[in-house]
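Number of protein chains: 2
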Amino acid sequence: MKPTVNAKDVAKLAGVSQSSVSRVFFDGAKVTEKTRQKVLAAAQELGYRPNEYARSLITNSTRIIGLVMKGIHNPFYPQVLKQFTTSFKKYGYSILFVHTNNDEIQNEDIETLLNYNVAGVIITDATMSMNVAEAFKANHIPLVFFNRKLTTSDFYSVCCNNLNASRKIAEFLTARGEGPMVYISGNEDTSTSREREQGFAEVLEQRGIPYQKYTSDFTYDGGYETARRMLSEGDAPAAVFAANDIMALGVIDALRKSGVKIPEQVKVVGFDNIDMASWPAYQLTTWEQPIDEMVDETVNYLLSEIDEYTGQAQAVEVEGSFVERSTT
Amino acid sequence: MKPTVNAKDVAKLAGVSQSSVSRVFFDGAKVTEKTRQKVLAAAQELGYRPNEYARSLITNSTRIIGLVMKGIHNPFYPQVLKQFTTSFKKYGYSILFVHTNNDEIQNEDIETLLNYNVAGVIITDATMSMNVAEAFKANHIPLVFFNRKLTTSDFYSVCCNNLNASRKIAEFLTARGEGPMVYISGNEDTSTSREREQGFAEVLEQRGIPYQKYTSDFTYDGGYETARRMLSEGDAPAAVFAANDIMALGVIDALRKSGVKIPEQVKVVGFDNIDMASWPAYQLTTWEQPIDEMVDETVNYLLSEIDEYTGQAQAVEVEGSFVERSTT
DNA sequence: CTGAAAGCGCTTACAG
DNA sequence: CTGAAAGCGCTTACAG
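Chains as they are written, first to last, in the working numbering: chain A, 4 to 331; chain B, 4 to 331.
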């Protein structure tokens, strides 16, 4: 049915051996320029294209990176996806996209990654059980947790320096408006939410400023509802620090709807610096996560581990920077 | 290095032939329950997993769908990506994600898809040259243009019924506020932008209401800048119809910044019904594109073409529905 | 540098 | 139903 043309066909037309055809298309193999030309001409004529699967079968490696993502509703992550795809493309790698609905990656998703023998795995905005993570180790598949850490783990992770960032945010807020504050958490089982709270709390306690925590879920609706709950409980904080931007936007909309003036009555700070944070309707003060830098760290680690597997674990942190706009 | 266990190892442990092991893991092959149990036990013990590439090599087919996407900044598309991934997972297919920066898909992206011999391709928010599209036809790889049509094509496409939708929008706007109107286009080489203009224009001309077209690019910034340009040129339309929601949000922010009251002075309508359209800050009137339905149409077509290739071309259109909120 | 040959891990006629 | 064998399209020692 599909007129599949293979290296043998090309060899025949070019008048060389199948091995030579293979060598022309395999980086790092040696052929004379003359053979190369003959082969390329024949390949062109027949529309030949090396079969990636035969290649994978024999080299026991692939040029596919598995990218696991959960929170596609948070604009931060599509951006991350784009950067990874673009960056890996430069090195000849493609992205197998896996979406998970659960906080913890499910076995069926793992199966997919293992079945396709991916060269590396990036896990974004989700966690996985220790023994599943160990499965990748056993198969010598390098793994990066992006924007998350495993609690107990010795796995490689790339995150923003959340502790430092949230300390800076707390320092900024306490330097100006004093008064009780509110922290709106994301899903509490995430390292990001916990660390951002920790740094924030540290500085506040140190300066004797009380804060109240509300638990939310990293979504716009979550932020919105939480702010309404906060108001209905009579809380009137000087400032609200939401664990990510998309929640902060929900907070802003809820406060405005109740006639609360931002920043005069309540200041609002987010985290991420997504595109929408700079929109005129919001002008959200936030902490910028340097996606480029985080992606570069991840890509470099994966490529080096693909080249030579060491299984080294490290919690890489990048700094990012404070972005002051008009919600503070 | 990687302790790769194959069917032969399992066969030895289970005391059966390698063929039997293969049959246990190949859907549709017949084995006695007894053999199955022996094999599964051995496989479990060794951590066996069929090699997907050997399988692909021999069946000349894969369970990978290539998804090509451009406008990841428009929240409509991450949503689409999620739906496709979820839907295909049910059928055992995975998504190879390809991101393109250009309106027209580049050859290198095509190469990737062909190299991996994908079972089918979805092209979203981008177009491709005819001869490239023909390359897929030649390889009997089914192809769907999602939310786009090729001008001259006989390819399968799934779109919203843009003509009907934009007529309905025009009818709604003219039934209430009369007066000159503005259409803000997306990239003008897209079928979506052209069709939405056409339906809108038809009704307005029929009712003798003038309209002005501004060319933009389907982005928030584009919508924002275009609205500012419109104001600076002294245009004060009764209503603005933006070719998608994300531009409409930019328009709203720009108008508000200039003190224009929405909907009292200017009404605004978008297209897509992205999450943000329902946010309290915007409450955008729009046309809902039924993503579920569009995805289902696409998935069903691809699965049936994968099952038996016919190469049939059809421009499928789904209706969607008008969503009235407070910008009109 | 080049070719003949082995082999990657599977599926699938073909006998039994 | 099961096993022995051929073969998918490549890469890669091994000779020459």
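Just so you know, even glycine gets a beta-carbon here, dropped at the ideal spot from N, CA and C.
Assigned exposure category for residue i - 16 Cβ within 10 Å defines buried
{"i": "M197 (chain A)", "result": "Residue identity check: residue 197 (chain A) is Arg in the sequence provided, not Met. Answer is buried; the Cβ neighbour count reaches 16."}
{"i": "P213 (chain B)", "result": "exposed"}
{"i": "K5 (chain B)", "result": "In this prediction, K5 (chain B) has a pLDDT of 47, which is less than 50 and means its spatial position is unreliable; what the coordinates show is noted afterwards. Flag for K5 (chain B) reads exposed."}
{"i": "D128 (chain A)", "result": "buried"}
{"i": "I113 (chain B)", "result": "buried"}
{"i": "D295 (chain B)", "result": "exposed"}
{"i": "V19 (chain B)", "result": "buried"}
{"i": "F29 (chain B)", "result": "exposed"}
{"i": "N105 (chain B)", "result": "exposed"}
{"i": "E308 (chain A)", "result": "buried"}
{"i": "G202 (chain A)", "result": "buried"}
{"i": "A280 (chain B)", "result": "buried"}
{"i": "M133 (chain B)", "result": "exposed"}
Beta-carbon proximity check, residue i vs residue j, cutoff 7 Å
{"i": "A246 (chain B)", "j": "R199 (chain B)", "result": "yes"}
{"i": "T288 (chain A)", "j": "E327 (chain A)", "result": "yes"}
{"i": "I98 (chain B)", "j": "T88 (chain B)", "result": "yes"}
{"i": "A284 (chain A)", "j": "V254 (chain A)", "result": "no"}
{"i": "V101 (chain B)", "j": "Y51 (chain B)", "result": "no"}
{"i": "F149 (chain B)", "j": "V135 (chain B)", "result": "no"}
{"i": "Q292 (chain B)", "j": "G262 (chain B)", "result": "no"}
{"i": "L49 (chain B)", "j": "V13 (chain B)", "result": "yes"}
{"i": "P145 (chain B)", "j": "L43 (chain B)", "result": "no"}
{"i": "R26 (chain A)", "j": "A32 (chain A)", "result": "yes"}
{"i": "K270 (chain B)", "j": "T195 (chain B)", "result": "no"}
{"i": "Y119 (chain B)", "j": "E107 (chain A)", "result": "no"}
{"i": "T65 (chain B)", "j": "A122 (chain B)", "result": "yes"}
{"i": "M250 (chain A)", "j": "G225 (chain A)", "result": "yes"}
{"i": "T38 (chain A)", "j": "K73 (chain A)", "result": "no"}
Residue i versus the options, residue with shortest Cα-Cα distance
{"i": "D157 (chain A)", "options": "A:R58, A:F139, A:N164 and A:A173", "result": "A:F139"}
{"i": "Y227 (chain B)", "options": "B:V243, B:P213, B:I212 and B:Y214", "result": "B:V243"}
{"i": "Q286 (chain B)", "options": "B:P266, B:L305, B:E308 and B:Y304", "result": "B:P266"}
{"i": "R179 (chain A)", "options": "A:L207, A:Y186 and A:N165", "result": "A:L207"}
{"i": "N77 (chain A)", "options": "A:Q40, A:K41, A:D220 and A:A46", "result": "A:D220"}
{"i": "R259 (chain B)", "options": "B:L234, B:W282, B:M279 and B:D248", "result": "B:L234"}
{"i": "V83 (chain B)", "options": "B:I125, B:L60 and B:A45", "result": "B:I125"}
{"i": "T193 (chain A)", "options": "A:K270, A:T130 and A:K37", "result": "A:T130"}
{"i": "M297 (chain A)", "options": "A:Q86, A:A241 and A:P183", "result": "A:Q86"}
{"i": "K216 (chain B)", "options": "B:Y186, B:W282 and B:Q201", "result": "B:Y186"}
{"i": "A57 (chain B)", "options": "B:A10, B:E181 and B:L153", "result": "B:A10"}
{"i": "K93 (chain A)", "options": "B:G74, B:D106 and B:T115", "result": "B:T115"}
{"i": "C163 (chain B)", "options": "B:E320, B:A122, B:G237 and B:K15", "result": "B:E320"}
{"i": "T177 (chain A)", "options": "A:Q209, A:L153, A:H143 and A:R151", "result": "A:Q209"}
{"i": "A239 (chain B)", "options": "B:Q315, B:D275 and B:P183", "result": "B:P183"}
{"i": "A45 (chain A)", "options": "A:E137, A:Q21 and A:E311", "result": "A:Q21"}
Three-state class that DSSP yields for residue i in the structure shown
{"i": "F325 (chain A)", "result": "strand"}
{"i": "V34 (chain A)", "result": "coil"}
{"i": "D128 (chain B)", "result": "coil"}
{"i": "E181 (chain A)", "result": "coil"}
{"i": "Y304 (chain B)", "result": "helix"}
{"i": "I68 (chain A)", "result": "strand"}
{"i": "T288 (chain B)", "result": "strand"}
{"i": "L153 (chain B)", "result": "coil"}
{"i": "S169 (chain B)", "result": "helix"}
{"i": "E111 (chain B)", "result": "helix"}
{"i": "V83 (chain A)", "result": "helix"}
{"i": "S23 (chain A)", "result": "helix"}
{"i": "V13 (chain A)", "result": "helix"}
{"i": "A46 (chain A)", "result": "helix"}
{"i": "A318 (chain A)", "result": "strand"}
{"i": "T330 (chain B)", "result": "coil"}
{"i": "I61 (chain B)", "result": "helix"}
{"i": "T7 (chain B)", "result": "coil"}
{"i": "Y51 (chain A)", "result": "coil"}
{"i": "G18 (chain A)", "result": "coil"}
{"i": "D299 (chain B)", "result": "helix"}
{"i": "E311 (chain A)", "result": "coil"}
{"i": "V161 (chain B)", "result": "strand"}
{"i": "D275 (chain A)", "result": "strand"}
- Hey, which unbroken runs of the beta strand (DSSP E) at 3 residues or more fall wholly within the stretch 230 to 271 of chain B? The qualifying runs are 242 to 245.
- Give, in chain order, every unbroken run of the beta strand (DSSP E) that is at least 3 residues long and sits entirely within the stretch 188 to 228 of chain B. 214 to 218
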